[in-house]
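Student: One structure is given below, represented as structure tokens, and several questions about it will come after.
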Amino acid sequence: MGEDTPSKVLLIVEDDEGLQRQLKWAYEGYEVVCALDRPGAIAMLRAHEPAVVTLDLGLPPDPDGTSEGFAALEEILKLKPDTKVIVATGHGAHGSALRAIALGAYDFYKKPVDIDELGLIVERAFQLHSLEAENRRLESASDGKVLGSMITAAPEMLKVARTIERVANADVSVMLLGASGTGKELLARAVHEKSGRKGAFVAINCAAIPENLLEAELFGYERGAFTGAVKSNVGKIELAEGGTLFLDEVGDIPLPLQVKLLRFIQERVIERIGGRAGIAVDTRIVCATHQDLEAMIATGSFREDLYYRLAEIVVDIPSLAERPGDAVLLARHFLNLFARELNPAVKGLSADALAAIDDYAWPGNVRELENRLKRAIIMADSKTIGASDLDLGGRNSSDSTPINLRAAREVADRRAIHQALTRTEHNISGAAKLLGISRPTLYDLIKQYQLSS
10 MGEDTPSKVL LIVEDDEGLQ RQLKWAYEGY EVVCALDRPG AIAMLRAHEP
60 AVVTLDLGLP PDPDGTSEGF AALEEILKLK PDTKVIVATG HGAHGSALRA
110 IALGAYDFYK KPVDIDELGL IVERAFQLHS LEAENRRLES ASDGKVLGSM
160 ITAAPEMLKV ARTIERVANA DVSVMLLGAS GTGKELLARA VHEKSGRKGA
210 FVAINCAAIP ENLLEAELFG YERGAFTGAV KSNVGKIELA EGGTLFLDEV
260 GDIPLPLQVK LLRFIQERVI ERIGGRAGIA VDTRIVCATH QDLEAMIATG
310 SFREDLYYRL AEIVVDIPSL AERPGDAVLL ARHFLNLFAR ELNPAVKGLS
360 ADALAAIDDY AWPGNVRELE NRLKRAIIMA DSKTIGASDL DLGGRNSSDS
410 TPINLRAARE VADRRAIHQA LTRTEHNISG AAKLLGISRP TLYDLIKQYQ
460 LSS
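Here the working numbering is used: the first residue of the sequence shown is 10, the next is one more, and so on.
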């Protein structure tokens, strides 16, 4: 075993010292620690945190029974739930094996021990423990995120992420095409971060700046260049020296300015407004638009030569409706992100809310989802956000098929309880009578669904 290989700790809990020694020497590939009884096993668990435990159910002071072994099993899994426990059972003790599995044991083996057979079980247990640990590490590191900060599990968006990773280090311009709210700036920032460029990421929304000011914002100006220019100003292009310039809504750049931008892309030199000296700038250009630039080229409102300079690599970004499962994933992310600050009482999303989120078309994409979640968190009266809190224009769970019978029943129960409580002005006895159930049952349902009584 190399020095960099993490130690695989195996705990053997066996009151037969001869068998304990036999097992210990059979597993040279692991760091083996041993215990004779339950207190010793727990002490070893705390000291060594073994990934795998072999546990004889017949431990003192009940060596002929299983009570002490089962108590050890429960305590081990309570202290370290990811432990893979393999229990030893006597001949014909099939019931004990089934009970151990039900309590959370990984597997069992029969006495007398077949060392080779047990070795295979132990090896599989270590492999599973390692896989689960890696999965937890990846989930913790990414939380469903790709490219560092984008939340997605949809194949359509993962394909986009792979494209971004491939082109990030190439010295080419990238054009991102997608509707408003699909995360174009997030992807542009990912191109910059994956590129290894040391300069800044500089973004400018070309649609948000008046035409007569856009040139000054992009190229900068010298003192006295125009009325009000009391001092020189560095433009966005210069600020992106050594980094990335992100031109959002590039289709809104007026034609005269398109000519000047094209000249910069070709020569990599700019002149500030009112200036005479050329300034060399090394920057990577990423642009984005929701407009059909090819149609604009056909009508003469966008230069074809500029388009081909900007669109060396074109990435089409799917809408949220085209990303199955992502709406729910993002909704949970936004709830965790905003609830603590906006309304700490909110702890989750109800089944009907999740169904409504999954069913809704999200014309405003991720930005609309984020805004609706913020509003719902602020306005929510209970611990869970319901479909009605999202105000999706009637497109809620009644328009969708619940994932299973339990979810359908929960939706129906919530609706019936809410209606009964509303009709009786939140009188528990009256609501219980309307529903045909007892008060304790109604209290249990209110608690189960985390409703406000």
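Using N, Cα and C, we set each Cβ at its ideal position, and we do this for glycine too.
In this text, all values refer to a predicted model and were calculated from it rather than measured experimentally.
What's the gap between the Cα of Asn380 and the Cα of Asp125?
Tutor: Sequence index remark: in the sequence shown, residue 380 carries index 371 (1-based). Sequence index remark: in the sequence shown, residue 125 carries index 116 (1-based). Spanning the two alpha carbons is a distance of roughly 59 angstroms.
Student: Rounded to a whole number of angstroms, what is the C-alpha to C-alpha distance between Glu148 and Leu156?
Tutor: On the sequence shown, residue 148 is found 139 positions in, with the first residue counted as 1. On the sequence shown, residue 156 is found 147 positions in, with the first residue counted as 1. Confidence at Glu148 is low in this model, with a pLDDT of 49, below 50, so the placement of that residue should be treated as unreliable; the coordinate-derived value is given next. So the two alpha carbons sit approximately 14 angstroms from each other.
Student: Using only alpha-carbon positions, find the residue among Arg418, Leu443 and His435 that is nearest to Gln457.
Tutor: In the sequence shown, residue 457 corresponds to position 448, counting from 1. The residue with the shortest Cα to Cα distance from Gln457 is Arg418.
Student: If you run the structure through DSSP and keep just helix, strand and coil, what is Val155?
Tutor: For the purposes of this step, residue 155 is taken as the residue at position 146 of the sequence shown. Reduced to three states, the DSSP call for Val155 is strand.
Student: Who are Ile213's beta bridge partners in DSSP?
Tutor: On the sequence shown, position 204 is the one that residue 213 refers to. Answer by DSSP bridge pairing, in chain order: Leu256.
Student: Could you tell me whether the Cβ atoms of Ile8 and Thr92 are closer together than 8 angstroms?
Tutor: Nothing in the structure corresponds to residue 8, since the chain is present only between 10 and 462.
Student: For Tyr115, name the three-state secondary structure that DSSP assigns.
Tutor: Your numbering for residue 115 matches position 106 in the sequence shown. Residue state, collapsed to three classes: coil.
Student: Start and end of the alpha helix (DSSP H) containing Arg272?
Tutor: For the purposes of this step, residue 272 is taken as residue 263 along the sequence shown, with counting starting at 1. Residues Leu264 to Glu276.
Student: Assign Tyr115 to buried or exposed, taking buried as 16 or more other Cβ atoms, counted over all protein chains shown, within 10 Å of its Cβ.
Tutor: By one-based count along the sequence shown, residue 115 stands at place 106. Tyr115 should be labelled buried.
Student: Quick one: is Lys207 buried, meaning 16 or more other Cβ sit within 10 Å of its Cβ, or exposed?
Tutor: Against the sequence shown, residue 207 aligns to sequence position 198. The residue is exposed, with fewer than 16 neighbouring Cβ atoms inside 10 Å.
Student: Starting from Arg293, trace the beta strand (DSSP E) both ways and give me its first and last residue.
Tutor: Counting from one through the sequence shown, the residue named residue 293 turns up at place 284. Counting along the chain, the beta strand (DSSP E) containing Arg293 begins and ends at Arg293 to Thr298.
Student: Pull up the distance between the alpha-carbon of Ser407 and that of Asp398, whole angstroms please.
Tutor: Within the sequence shown, the letter at position 398 stands for residue 407. Within the sequence shown, the letter at position 389 stands for residue 398. Here Ser407 scores only 39 on pLDDT, less than 50, and its place in the model is too uncertain to base an answer on.
Student: Using the rule of at least 16 other Cβ atoms within 10 Å of the residue's Cβ for burial, across every protein chain shown, is Ala150 buried or exposed?
Tutor: Counted from its first residue, the sequence shown places residue 150 at position 141. A caution first: Ala150 carries a pLDDT of 47, below 50, which makes its placement in the model too unreliable to give a value.
Student: The alpha helix (DSSP H) with Lys87 in it runs from where to where?
Tutor: In the sequence shown, residue 87 corresponds to position 78, counting from 1. From DSSP, the alpha helix (DSSP H) with Lys87 extends over Ser76 to Leu88.
Student: Bridge partners of Tyr230, per DSSP?
Tutor: Here residue 230 is taken as the residue at index 221 of the sequence shown, counted from 1. Partner(s): Asn242 and Ile282.
Student: So Leu20 packs on Leu54, CB below 8 angstroms; how close in whole Å?
Tutor: Position 11 of the sequence shown, counted from the first residue, corresponds to residue 20. Position 45 of the sequence shown, counted from the first residue, corresponds to residue 54. Their Cβ separation, rounded to whole angstroms, is 7 angstroms, which keeps Leu20 and Leu54 in contact under 8 angstroms.
Student: Note the first and the last residue of the continuous alpha helix (DSSP H) segment covering Thr172.
Tutor: The residue labelled residue 172 in the question sits at position 163 within the sequence shown. Where Thr172 is concerned, the enclosing alpha helix (DSSP H) stretches over Pro164 to Val176.
Student: Just curious, the alpha helix (DSSP H) that Lys383 is in, first and last residue?
Tutor: Here the question's residue 383 lines up with position 374 in the sequence shown. Note, Lys383: alpha helix (DSSP H), Asn374 to Met388.
Student: Are the Cβ atoms of Ile131 and Ile95 separated by less than 8 angstroms?
Tutor: Walking along the sequence shown from the start, residue 131 turns up at place 122. Walking along the sequence shown from the start, residue 95 turns up at place 86. The question names Ile, yet the displayed sequence has Val at residue 131. Closer than 8 angstroms, so yes.
Student: With distances taken Cα to Cα, identify the nearest neighbour of Phe255 among Leu454, Pro263 and Ile246.
Tutor: For the purposes of this step, residue 255 is identified with residue 246 of the sequence shown, where counting begins at 1. That would be Ile246, whose Cα lies nearest to the Cα of Phe255.
Student: Is the region 307–327 touching the region 267–285, taking contact as three or more C-beta pairs under 8 angstroms?
Tutor: yes
Student: Based on the DSSP output, what are the partners of Leu20 in its beta bridges?
Tutor: Position 11 of the sequence shown, counting from 1, holds the residue named residue 20. For Leu20, which the question treats as bridged, DSSP gives the partners Val42 and Val62.
Student: Using the rule of at least 16 other Cβ atoms within 10 Å of the residue's Cβ for burial, across every protein chain shown, is Ala177 buried or exposed?
Tutor: In the sequence shown, counting from the first residue as 1, residue 177 sits at position 168. So Ala177 counts as buried.
Student: Answer yes or no: do Ile294 and Ser182 have a C-beta to C-beta separation smaller than 8 angstroms?
Tutor: As a position in the sequence shown, residue 294 is number 285, starting the count at 1. As a position in the sequence shown, residue 182 is number 173, starting the count at 1. Closer than 8 angstroms, so yes.
Student: Does the beta-carbon distance from Arg1 to Met166 come in below 8 angstroms?
Tutor: For the chain, the structure presents residues 10 to 462; residue 1 sits outside this window and is missing.
Student: Who are the Cβ neighbours of Glu473 in its own chain at under 6 angstroms, not counting the five residues just before and after it?
Tutor: With the chain represented from 10 up to 462, any question about residue 473 goes unanswered, as that position is not in the structure.
Student: I want to know whether the region 337–346 touches the region 286–305 - three or more CB-CB distances under 8 angstroms.
Tutor: no
Student: Does the region 281–290 come close enough to the region 322–332 to have 3 or more Cβ pairs within less than 8 angstroms?
Tutor: Fewer than three beta-carbon pairs drawn from the region 281–290 and the region 322–332 are found closer than 8 angstroms, and the two stretches are therefore not classed as touching.
Student: From the DSSP output, in three-state form, read off Lys442 for me.
Tutor: Within the sequence shown, residue 442 is the residue found at index 433, counting from 1. The answer is helix: DSSP assigns Lys442 an H, G or I state.
Student: In chain order, what residues of the same chain lie with their CB nearer than 8 angstroms to the CB of Gly27, ignoring the 5 residues before and after it?
Tutor: In the sequence shown, residue 27 corresponds to position 18, counting from 1. Contacts found: none.
Student: Pick helix, strand or coil for Ala249, following the three-state DSSP scheme.
Tutor: The sequence position of residue 249 within the sequence shown is 240, counting from 1. Here Ala249 sits in coil by DSSP.
Student: What are the boundary residues of the alpha helix (DSSP H) that Ala348 is part of?
Tutor: Position 339 of the sequence shown, counting from 1, holds the residue named residue 348. Boundaries of the alpha helix (DSSP H) harbouring Ala348: Asp335 to Leu351, taken from the DSSP string.
Student: Using the beta-carbon count (16 or more within 10 Å), is Pro59 buried or exposed?
Tutor: Translated into the one-based positions of the sequence shown, residue 59 becomes position 50. With 16 or more other CB atoms across the displayed protein chains lying within 10 angstroms of its CB, Pro59 is buried.
Student: If you reduce the DSSP assignment to three classes, tell me which class Ala320 lands in.
Tutor: Mapped onto the sequence shown, residue 320 falls at position 311. Three-state result, Ala320: coil.
Student: Can you tell me where the beta strand (DSSP E) holding Val96 begins and where it ends?
Tutor: Sequence index remark: in the sequence shown, residue 96 carries index 87 (1-based). Its beta strand (DSSP E) spans residues Lys93 to Thr98.
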